[in-house]
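Beneath this line is the structure, given in structure tokens, with notes to follow.
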Amino acid sequence: MSAIHCHQLCKTFKQGDEIITGLDHVDLTIETGEFVCLSGPSGSGKTTLLNAIGGLDTPDSGEIHMGDIRIDQLERGALADMRLRHIGFVFQAYNLIPVLSAQENVEFVMQVQGVSAQERARKAREILQEVGLEGMEDRRPAQLSGGQQQRVAVARAIVSHPDLVLADEPTANLDSVASAHLMGLFASLNEHHRITFVISTHDKRVMGYARRLIGMRDGKIISDETQ
Amino acid sequence: MAVFRLNFNTLLTLSWRNLWRNYRRTGIMLGAIAIGVWAMIFMTALMRGMVDDMLNQGIRNLPGHIQIQHPDFLDDPNVVNSIAEPSGELLLVLKQSGTKRWATRIKVAAVIASERETRGINLLGIEPDAEADISGLPALISEGRFLETNQDKGIVIGAKLAERLETRLGKRVVVMSQDPDNNLSERGFRIVGIYRAKMPGLEEFNVYTARDTLQQLLHIEGRVSQIILVDEDYREIEPLYEKISQATPPGLDTRTWYQIDSYLAAMFNMMDGFVLVWVVIIFLALSFGLVNTLVMAIFERIREIGLIQALGMRPALIVYQILLESLLLLLIGLAIGNSLAVATVKPLESGLDISIVAEGMAMMGVSSMLYPNLTLYDMVLANSVVIILGILTSILPAWRAASLDPVRALNTN
Ligand SMILES: Nc1ncnc2c1ncn2[C@@H]1O[C@H](COP(=O)(O)OP(=O)(O)OP(=O)(O)O)[C@@H](O)[C@H]1O
Ligand SMILES: [Mg+2]
């Protein structure tokens, strides 16, 4: 699994009679091991782009390649497997399964992957410690603050070292210390495990970590700078 | 399926916890399933008990589970169509067959006369000590005594007949019939006992004497009309029937109760169908609640379903998860329902007095005591129907949940 290549991606949404542009002829190539930030005003298409890359949403037209695979043409089951094996997701909101504890949420993906119980538990505890949630393993999402929930989601996204992490505003609910810690963690995983990161954000400090900064507006890429 | 096994624990955890998320709804549904299953099993046990009683009654009136007789006897119950008392191989097999009880009897048309009245009757010459098992008559004696030996000189008549003849216990009656040579034979008897039958119709016609006494009267020493066999259970007489029909000398006719009485046979055969229909009807009522519960449970967690799909759970696994949730619900409901059914039927097995409602049903051969009959077969049937149809009805909601669009599901409020 390697480079992501998007070619002429278009996506529109219908809302009543109105047709809303989500993505407008987006061309984008992201190499393996890149650390990319998507920025842009609200409604500019960041989430829509992440969803398309992650195989959650199929574009109206255009192509998405991940390595040799054209993921916009995969069937649902195969897409699910691809997400399970290769991609870690942090969603903008509603990230956790409410009936599972923090640790169980982190273990969930590994469990579906078929990782043994012992290894799952060990990895989950390690990563929860890493994101600063030691001692909160057994709490249910409802017993955690928004920021803590977000960190559980991050832990789940990175715990099995996927090829690609797609994070939609991962620091939105975090204070500056916590977000700095999280970005440090992302940067180190990127550096040592060559995990590709694509992060959407409004946060200038987060953008500071990016080695490539993509600006969006009205579903188009309006700037693409490598720092 | 391999994927399913791999993820079984995950699915089980999710299903179990989701089930208890909404205590109230789950509780109500469990109650509904439990009551439904209870109704299935309890009512079936009552129905079985009632039909069992009707069949037993019917078989007692035939009487017997198996009858051996002259091939023409059933069509023409004439004294000419008699058979020899069992001997040789048949006697040996009868003694060793493990049948609960067997006896011979004579049955002829006769006329009975008191000082005032004369009536046509069905005259039976019986072996008194077998009669408790065969027709249950000894228990029905309301006045006087039952016949005591095969040579008893007394006669037992029904209360209704006594009324018609304007006679009573201890009085003498004259009985007239034909011997095989068409000679009129007659004899006086003293009424030693009066019985009351559950089916009042019989009281007027069946009159009982001892077998040997009747043989003498009809000049047919050593001959009888029928050999009657009663086994432990009228449902399982095939093996006995096999053995007996093989040992019966050629020229005799061996029949089971269901061959003799097609009405009883039909009642017996239709019972299983009735039970199935009843169980399915209750299930249909339950299925609305079940589907509603599942749909509500899914509706409440659309975002979560979107999330687990997004994380890479295959749609098939989501279907399994919801089916598993439904199965858990059904299993708990069944456990409660079955316990409830057993707990309520068991104490009633010693008999339920339904005399208040039974009077009108006496004609159909229903007695005033109802003995519910809880069978393993019916319990297995009810449980299987609930589980199999329950899972089938859950497939549609589960499949719809699995085909939700993950992005849209995630963005639902
Ligand atoms: N399911 C949907 N139905 C209708 N319109 C949608 C839907 N999803 C996105 N849109 C629209 O598509 C456009 C792009 O939305 P998107 O969520 O990608 O923006 P964004 O850059 O992530 O914004 P934000 O920073 O607020 O998260 C917006 O105008 C949005 O209203
Ligand atoms: Mg967004």
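Protein sequences appear in the order of chains A and B.
Using my numbering, read the first sequence as starting at 1 and increasing by one per residue.
Using my numbering, read the second sequence as starting at 1001 and increasing by one per residue.
Even for Gly, the Cβ is constructed at its ideal location relative to N, Cα and C.
*Report the three-state DSSP secondary structure of residue 142 of chain A (helix, strand or coil).*
Your numbering for residue 142 of chain A matches position 142 in the first sequence. Three-state result, residue 142 of chain A: helix.
*Three-state secondary structure assigned by DSSP to residue 1105 of chain B*: Along the second sequence, one-based indexing puts residue 1105 of chain B at 105. Residue 1105 of chain B falls in the strand class under three-state DSSP.
_Chain-ordered residues of the stretch 133–164 of chain A with a beta carbon less than 7 Å from chain B_ = none
*For the candidate residues B:1262, B:1092, B:1379, whose alpha-carbon lies nearest to that of residue 1335 of chain B?*
Working through the second sequence from its first residue, we reach residue 1335 of chain B at position 335. Residue B:1379 is the option with its Cα nearest to residue 1335 of chain B.
*Report the neighbours of residue 1310 of chain B on chain A: residues whose CB is nearer than 8 Å to its CB, in chain order.*
For the purposes of this step, residue 1310 of chain B is taken as residue 310 along the second sequence, with counting starting at 1. In chain order: 54, 56, 83, 89, 91.
*Anyone know if the C-beta pair for residue 97 of chain A and residue 6 of chain A falls short of 8 Å?*
The residue given as residue 97 of chain A occupies position 97 in the first sequence. The residue given as residue 6 of chain A occupies position 6 in the first sequence. No, the Cβ-Cβ distance between residue 97 of chain A and residue 6 of chain A is not below 8 Å.
*Spatial neighbours of residue 1259 of chain B within its chain, please: CB distance less than 8 Å, with the 5 preceding and 5 following residues excluded, ordered by chain position.*
The residue you call residue 1259 of chain B lines up with position 259 of the second sequence. Here the set comprises 1265.
*Under a three-way DSSP split, which group does residue 227 of chain A fall into?*
In the first sequence, counting from the first residue as 1, residue 227 of chain A sits at position 227. Reduced to three states, the DSSP call for residue 227 of chain A is coil.
*Taking C-beta pairs closer than 9 Å, name the residues in chain A that residue 1021 of chain B reaches, listed in chain order.*
On the second sequence, position 21 is the one that residue 1021 of chain B refers to. Simply 98, 99.
_I need the boundaries of the beta strand (DSSP E) containing residue 1122 of chain B, first residue and last residue._
By one-based count along the second sequence, residue 1122 of chain B stands at place 122. 1118–1126 is the span of the beta strand (DSSP E), which, as asked, contains residue 1122 of chain B.
*How would you call residue 1016 of chain B, buried or exposed, if buried means at least 16 neighbouring beta carbons within 10 angstroms?*
By 1-based counting over the second sequence, the position of residue 1016 of chain B is 16. Burial call: exposed.
*Would you check if the distance between the CB atom of residue 194 of chain A and the CB atom of residue 33 of chain A is smaller than 8 Å?*
Taking the first residue of the first sequence as position 1, residue 194 of chain A is located at position 194. Taking the first residue of the first sequence as position 1, residue 33 of chain A is located at position 33. Yes; because the gap between Cβ atoms is below 8 Å, this pair is in contact.
*Mapping DSSP to helix, strand and coil, what is residue 1177 of chain B?*
Along the second sequence, read from residue 1 onward, the residue named residue 1177 of chain B stands at position 177. DSSP places residue 1177 of chain B in strand when its eight states are reduced to three.
*Measuring only between beta-carbons, confirm whether residue 118 of chain A sits less than 8 Å from chain B.*
Within the first sequence, the letter at position 118 stands for residue 118 of chain A. Answer no: the Cβ-Cβ gap between residue 118 of chain A and chain B never drops below 8 Å.
*Answer with yes or no whether the minimum CB distance from residue 51 of chain A to chain B is below 8 Å.*
What you label residue 51 of chain A is simply residue 51 of the first sequence in a count that begins at 1. For residue 51 of chain A, the answer is yes, since a Cβ of chain B falls inside 8 Å of its Cβ.
*Please confirm if residue 76 of chain A has its CB atom under 8 Å from at least one CB of chain B.*
The residue labelled residue 76 of chain A in the question sits at position 76 within the first sequence. Judged by the 8 Å Cβ criterion, residue 76 of chain A is in contact with chain B.
*Is residue 1013 of chain B helix, strand or coil when you go by DSSP?*
As a working mapping, residue 1013 of chain B is identified with position 13 in the second sequence. Helix at residue 1013 of chain B.
*Cβ-heavy atom distance, residue 39 of chain A to ligand 1, below 7 Å*: Walking along the first sequence from the start, residue 39 of chain A turns up at place 39. No - ligand 1 has no heavy atom lying nearer than 7 Å to the Cβ of residue 39 of chain A.
*Indicate, with yes or no, if ligand 2 has a heavy atom lying under 7 Å from the CB of residue 227 of chain A.*
Along the first sequence, one-based indexing puts residue 227 of chain A at 227. Not one heavy atom of ligand 2 falls within 7 Å of the beta-carbon of residue 227 of chain A.
_Is residue 1313 of chain B close to chain A? Criterion is C-beta to C-beta, closer than 8 Å._
Start at 1 with the first residue of the second sequence, and residue 1313 of chain B comes out as number 313. Yes - at least one Cβ of chain A is within 8 Å of the one on residue 1313 of chain B.
*So, is residue 191 of chain A buried or exposed, given that buried needs 16 or more other C-beta atoms within 10 angstroms?*
Mapped onto the first sequence, residue 191 of chain A falls at position 191. It is exposed - the Cβ of residue 191 of chain A has fewer than 16 other Cβ atoms within 10 Å.
*Any heavy atom of ligand 1 closer than 7 Å to the CB of residue 1411 of chain B?*
Against the second sequence, residue 1411 of chain B aligns to sequence position 411. Checking every heavy atom of ligand 1 against the Cβ of residue 1411 of chain B, one is found closer than 7 Å.
_Cβ-based neighbour list, residue 59 of chain A, same chain, cut-off 8 Å, excluding 5 preceding and 5 following_ = As a working note, residue 59 of chain A is residue 59 in the first sequence. Cβ neighbours of residue 59 of chain A beyond the five flanking positions: 9, 10, 11, 23, 52, 72.
_Inter-residue spacing [alpha-carbon to alpha-carbon] between residue 1187 of chain B and residue 1175 of chain B_ = Locating residue 1187 of chain B in the second sequence gives position 187, where the first residue counts as 1. Locating residue 1175 of chain B in the second sequence gives position 175, where the first residue counts as 1. The straight-line gap from Cα to Cα measures roughly 6 Å.
*Kindly list the residues whose CB is nearer than 7 Å to the CB of residue 1060 of chain B, restricted to its own chain and excluding five residues on each side of it in sequence; keep chain order.*
Sequence index remark: in the second sequence, residue 1060 of chain B carries index 60 (1-based). Same-chain partners within the cutoff: 1135, 1136.
*Cβ neighbour criterion (16 or more within 10 Å) applied to residue 130 of chain A*: Locating residue 130 of chain A in the first sequence gives position 130, counting from the first residue. By the neighbour-count rule (16 or more Cβ atoms within 10 Å), residue 130 of chain A is buried.
_For a test of the three-state rule: what should DSSP assign to residue 31 of chain A, helix, strand or coil?_
By one-based count along the first sequence, residue 31 of chain A stands at place 31. Note: residue 31 of chain A maps to coil in three-state DSSP.
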